[in-house]
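Read the structure below first, then the notes.
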Amino acid sequence: MLGFDPKILLIAVLAAVSAGAIGYAFLFSQIETQKKSDGRVRKFKAAEADRAKAKVTRDRVAEMSKRRKSIQDTLKTLEEKQKEGGRSKAPPLKDRLLQAGLSVTERQFYLMSAGCAVVVALVTLIAGAPIYIAGGAAIVGMFGVPRWAVAFLKSRRMKAFLNEFPNALDVMVRSIKSGLPLNDSMRLIASDGQEPVKAEFRRIVESQQMGMTVPEACARMHHTIPLPEANFFAIVIAIQAQAGGNLSEALGNLSRVLRDRRKMKAKVAALSMEAKASAVIIGALPFIVAILVYLTSPQYMMVLFTDFRGHLIMGASAIWMSIGIIVMRNMINFDI
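In the working numbering, the protein residues as written are 63 to 398.
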């Protein structure tokens, strides 16, 4: 058996290395060209990816700008409408009756006002007052008492609406999150809600059945509920219809804002209660003193009721008392 020769192994290794070096020398240019081509392809793909990302970013920015402009236009239009409504005169009697929740017509209201005037005049005459006092009382019964009653019912209905409206919004939020569309959530409030929110949402549903859109039907709520809260609701629905977005989140935020406004009003009412009590005491003090003086010295007070000059004094006193009460009322009432 022949022995292993290291020289032969060294010659073989050198031959392999030489062959590899010669091959690399011939293939070097092709390898470098391929590397450059691969680098250019990678750069081109990276540039395409960057262009795609830039295009997506530009589209997103353009969509956000378009949505922001739509929201701004909507808010501007609603603000102009609100300013026009604020500059307008007092609502007609028909709208005031609806706002008070009364189902009577204008003719029926005028008939009831005339009946009130007749009753007040008869009571005044039976009490022994002069004819001109009875005439003044009839005027008050005709134009004062019925309208005061309508204003009182309207104020009470607005308070009831403010107390129930956030609860209705919460029900709508839960309905929308559970998968119900906006129209069905409004129908749910119109059928199972509490008055007067139930009646207002019923009007919205009926307006939609007559062919109006949801934003238009919600905007009509401000005619029967002349409150900023109803206008806020119409603005949220209008913006969502034009610009899209998460309606449940928007309504939830609106419900929270309305509750915060109600808490702030209650806090202001509590802080101003001392001033209101002082105003009530000051306003009632002349009447209390007059009653006490009449009980102790009737003849001393009867001059004001039997003499014409006493009538003038009481009329002037009533005017000045009314002015003072109005001034104090404006001083202790705050708008939030």
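No residue lacks a Cβ here, since even glycine has one placed at the ideal position from N, Cα and C.
ask   = Looking at the unbroken alpha helix (DSSP H) that takes in L231, where does it start and where does it end?
value = Element bounds for L231: V207 to K239.
query = Leaving out five residues before and five after M363 in sequence, what residues of the same chain have Cβ atoms less than 6 Å from its Cβ?
reply = Excluding the 5 residues flanking it on each side, M363 has same chain C-beta neighbours closer than 6 Å at V355 and Y356, in chain order.
message = Using a 10 Å radius around the Cβ and a threshold of 16 neighbouring Cβ atoms, would you call E262 buried or exposed?
response = Buried is the call here.
query = Using the beta-carbon count (16 or more within 10 Å), is M283 buried or exposed?
reply = If you draw a 10 Å sphere on the C-beta of M283, you find 16 or more other C-beta atoms in it, and that means buried.
request  = Please classify N293: is it buried, with 16 or more other beta-carbons within 10 angstroms of its beta-carbon, or exposed?
outcome  = Counting the other Cβ atoms within 10 Å of the Cβ of N293 gives 16 or more, which makes it buried.
task = Closer than 8 Å by C-beta to L178: which residues in its own chain qualify, once you throw out the five before and the five after it? Chain order, please.
result = Reading off the sequence shown, one finds Cys at residue 178, where the question assumed Leu. So the list reads G203, M204, V207 and P208, once near-sequence residues are dropped.
ask   = With DSSP run on the structure shown, which of helix, strand or coil describes I287?
value = Correct three-state label for I287: coil.
ask   = Going straight from the alpha carbon of I70 to that of A77, what length do you get?
value = I70 and A77: Cα-Cα distance of roughly 10 Å.
query = What is the DSSP secondary structure of V166, counted as helix, strand or coil?
reply = V166 falls in the coil class under three-state DSSP.
request  = Could you tell me the distance, in whole angstroms, from the CA atom of L309 to the CA atom of S384?
outcome  = In a straight line, the C-alpha of L309 is about 49 Å away from that of S384.
Candidates V351, G377, V342 and M376: closest to I387 by CA position = If you compare the alpha carbons of V351, G377, V342 and M376 with that of I387, the shortest gap goes to V342.
task = Return the residue from the list I344, R218, P290 and K338 that minimises the CA-CA distance to V319.
result = Comparing Cα positions, the closest option is P290.
query = With 16 as the cutoff for other CB atoms within 10 Å, does I301 come out buried or exposed?
reply = Counting Cβ neighbours within 10 Å, I301 comes out buried, since at least 16 surround it.
key: Residues of its chain near L155, where Cβ-Cβ distance is below 6 Å and the 5 sequence neighbours each way are ignored   = Residues of the same chain with a CB within less than 6 Å of the CB of L155, apart from the 5 flanking positions on each side, are E168 in chain order.
message = Do L244 and A162 count as a contact pair if the criterion is CB distance below 8 Å?
response = The answer is no: Cβ separation not under 8 Å.
query = E226: which of K260, S237, I350 and I84 sits nearest, CA to CA?
reply = Closest option to E226, Cα to Cα, is K260.
Member of T275, D157 and I287 whose CA lies at the smallest distance from the CA of Q304 = The option with the nearest alpha carbon to Q304 is T275.
message = Nearest by alpha-carbon distance to A279: which of A328, I287 and E268 is it?
response = For A279, the nearest C-alpha among the options comes from E268.
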